[in-house]
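Participant:
Residue numbers (the numbering used here): 177 to 653.
Have a look at this one:
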């Protein structure tokens with residue numbers, strides 16, 4: 177029996193150790209050989225090497241995790257008491273400093289070589305830099321990949337011959353802004369102890385730290401999202417703030433077309449107590465600013481394709497991925513889509529038509545696929561780890577890779593499990609009304625988009641701060 181509520185950390189630490197010891201024994205005796213054999217059948221040689229290193233050394237990873245949790249249990253009071261001495265004003269800055277130091281170490285130690293989406297972004301940026309045109313690998317004008325990140329990388333190429341170095345530097349800046357923003361959003365509804373737990377977990381979560389090496393839009397998009405949500409939660413907003421939100425929304429949209437849902441979300445948030453006129457007026461300011469900033473790209477796409485394309489032409493591809501008749505609900509490429517077709521809007525339309533046809537022809541299968549999309553979004557939380565460590569130009573210890581992979585997912589499952597418990601016990605707690613609505617609508621929007629399109633672990637990154645908040649909230653004042 178736990179005598180005091182503040183002993184929850186110790187209780188769950190001991191519970192975690194028990195689970196890990198049981199898992200270690202089970203893994204060594206029953207799982208290890210089978211999973212390594214299964215990995216050998218993978219068609220991707222890079223996957224075979226990466227996952228073989230992870231699961232061959234998994235027993236070391238589990239043991240190291242047990243030791244680390246034991247150390248945390250022993251020294252948790254000292255750590256929390258020491259951090260408690262830092263004034264509220266400087267607490268976030270302290271953690272930002274820790275994050276910057278650790279991310280610099282990761283960037284220096286792990287020489288990531290871009291793969292998959294990251295490589296596509298770099299290739300598009302290089303063609304934009306060398307030709308002045310946004311072209312795909314077939315030298316066709318394209319809008320399949322959103323231009324935001326390739327344009328930024330191309331700009332970096334004008335500044336430095338090694339744009340990846342500047343991308344990593346910008347990732348550190350984005351990470352720091354992200355930490356400060358989410359702390360600013362949640363700090364008033366967290367006790368000092370809860371805030372320390374929140375920041376410790378948010379900052380030291382390996383998937384966040386390793387984002388420094390990842391050339392993707394996930395974390396920049398999430399940071400911009402939370403800046404907007406933090407702004408909209410403030411009192412006495414002026415028209416300037418809504419123009420700024422429009423600029424930030426345009427920046428989000430250039431990274432991912434999902435940014436286009438923000439005006440709708442903000443309209444719902446503003447439409448409170450029948451303030452319809454205010455909601456319409458301010459949302460119109462956002463939408464006007466957004467489309468002024470998007471208009472050059474929309475015009476370019478109209479000249480190229482002869483039809484309006486607001487941001488990108490990959491919506492049909494993503495929709496087909498999650499809704500074709502053979503889809504499992506997660507990321508897959510078991511469908512027909514001609515990336516060679518220079519008429520990208522036409523190919524996108526065909527993808528939507530095929531998807532809707534398959535959904536109508538297989539209604540039961542399509543309904544059963546919906547919870548699978550949620551499952552594939554939550555079944556692992558190591559996206560930055562995998563994108564950073566799967567291919568490197570220097571040799572990384574397999575035990576290090578395995579340990580980081582295992583600990584990241586273990587922490588992820590702990591966050592999700594206890595955040596559900598935290599929400600069950602605390603509900604919306606001390607959150608002011610507007611922040612309650614922000615959390616509800618933001619969470620529902622991203623889950624709805626996953627259900628509509630396709631499930632993937634990277635798609636829940638923008639709502640991870642909500643889970644970490646409720647994890648911290650679970651530990652009482």
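By construction, the Cβ of each residue, glycine as well, lies at the ideal position given by its N, Cα and C atoms.
1. Helix or strand or just coil, what does DSSP make of residue 311?
2. My understanding is that residue 356 touches residue 272, with C-beta atoms under 8 angstroms, so please give their C-beta distance in whole angstroms.
3. What's the gap between the Cα of residue 548 and the Cα of residue 510?
4. Starting from the N-terminal side, write out each stretch of the alpha helix (DSSP H) that is 4 residues or longer and does not extend beyond the region 241 to 314.
5. Less than 8 angstroms between C-beta atoms, sequence neighbours within five positions excluded: which residues of the same chain meet that for residue 441?
6. Where does residue 317 fall in DSSP's three states?
7. Residue 506 and residue 552 look like a contact to me (Cβ under 8 angstroms); what is the Cβ gap, rounded to whole Å?
8. Please classify residue 260: is it buried, with 16 or more other beta-carbons within 10 angstroms of its beta-carbon, or exposed?
9. Return the CA-CA distance between residue 278 and residue 264, expressed in angstroms with no decimal places.
10. For residue 411, count neighbouring C-beta atoms within 10 Å of its own C-beta (all shown protein chains included) and say buried if the count is 16 or more, exposed if not.
11. In terms of residues, what are the limits of the alpha helix (DSSP H) holding residue 537?
12. Roughly how many angstroms lie between the CA atoms of residue 570 and residue 456, to the nearest whole one?
13. Would you say the region 342 to 360 touches the region 520 to 531, given that touching needs at least three Cβ pairs under 8 angstroms?
14. By DSSP, does residue 568 sit in helix, in strand, or in coil?
15. Under 8 angstroms, do residue 631 and residue 550 count as touching if we go by C-beta distance?
16. In or out: residue 498 buried (at least 16 other Cβ within 10 Å) or exposed?
17. If you draw a straight line from the C-alpha of residue 182 to the C-alpha of residue 651, how long is it?
18. Under the rule that 16 or more other beta-carbon atoms within 10 Å means buried, what is residue 206, buried or exposed?
19. Hey, how far is the Cα of residue 178 from the Cα of residue 192?
20. Let me know if residue 647 comes out buried or exposed under the rule of 16 or more other beta-carbons within 10 Å of its beta-carbon.
21. Are residue 465 and residue 230 closer than 8 angstroms when you measure CB to CB?
22. Determine the direct distance from the alpha carbon of residue 379 to that of residue 556, and round the result to whole angstroms.
23. Does the count of Cβ pairs from the region 331 to 347 and the region 372 to 389 closer than 8 angstroms reach three?
24. Quick check on the burial criterion: 16 or more other C-beta atoms within 10 angstroms. Buried or exposed for residue 637?
25. Are at least three pairs of beta-carbons, each pair with one atom in the region 473 to 490 and one in the region 308 to 321, less than 8 angstroms apart?
26. For residue 583, collect the residues of the same chain with a Cβ closer than 6 angstroms to its Cβ; drop the 5 residues on either side in sequence, then sort them by chain order.
27. I need the DSSP call for residue 486, collapsed to helix, strand or coil.
Facilitator: With the structure as the only source:
1. Note: residue 311 maps to strand in three-state DSSP.
2. The C-beta separation of residue 356 from residue 272 comes to about 6 angstroms, placing the pair in contact by the 8 angstroms criterion.
3. 17 angstroms
4. 264 to 285 and 292 to 307
5. Sequence-distant Cβ neighbours of residue 441 in its own chain, meaning closer than 8 angstroms and more than five residues away, are 617, 618 and 621.
6. Three-state result, residue 317: strand.
7. Beta-carbon to beta-carbon, residue 506 and residue 552 are separated by about 3 angstroms, close enough to satisfy the 8 angstroms threshold.
8. Burial call: exposed.
9. CA-CA distance, residue 278 to residue 264, rounds to 22 angstroms.
10. Exposed, because fewer than 16 other Cβ atoms sit within 10 Å of the Cβ of residue 411.
11. 520 to 537
12. Distance between the alpha carbons of residue 570 and residue 456 is about 54 angstroms.
13. no
14. strand
15. yes
16. Residue environment for residue 498: buried (at least 16 other C-beta atoms within 10 angstroms of its C-beta).
17. In this prediction, residue 182 scores a pLDDT of 49, lower than 50, which makes its location untrustworthy; no coordinate-derived value is stated.
18. exposed
19. Residue placement at residue 178 is flagged as unreliable, the pLDDT there being 39, under the threshold of 50; a coordinate-derived value is accordingly withheld.
20. buried
21. no
22. 18 angstroms
23. yes
24. buried
25. yes
26. 241
27. coil
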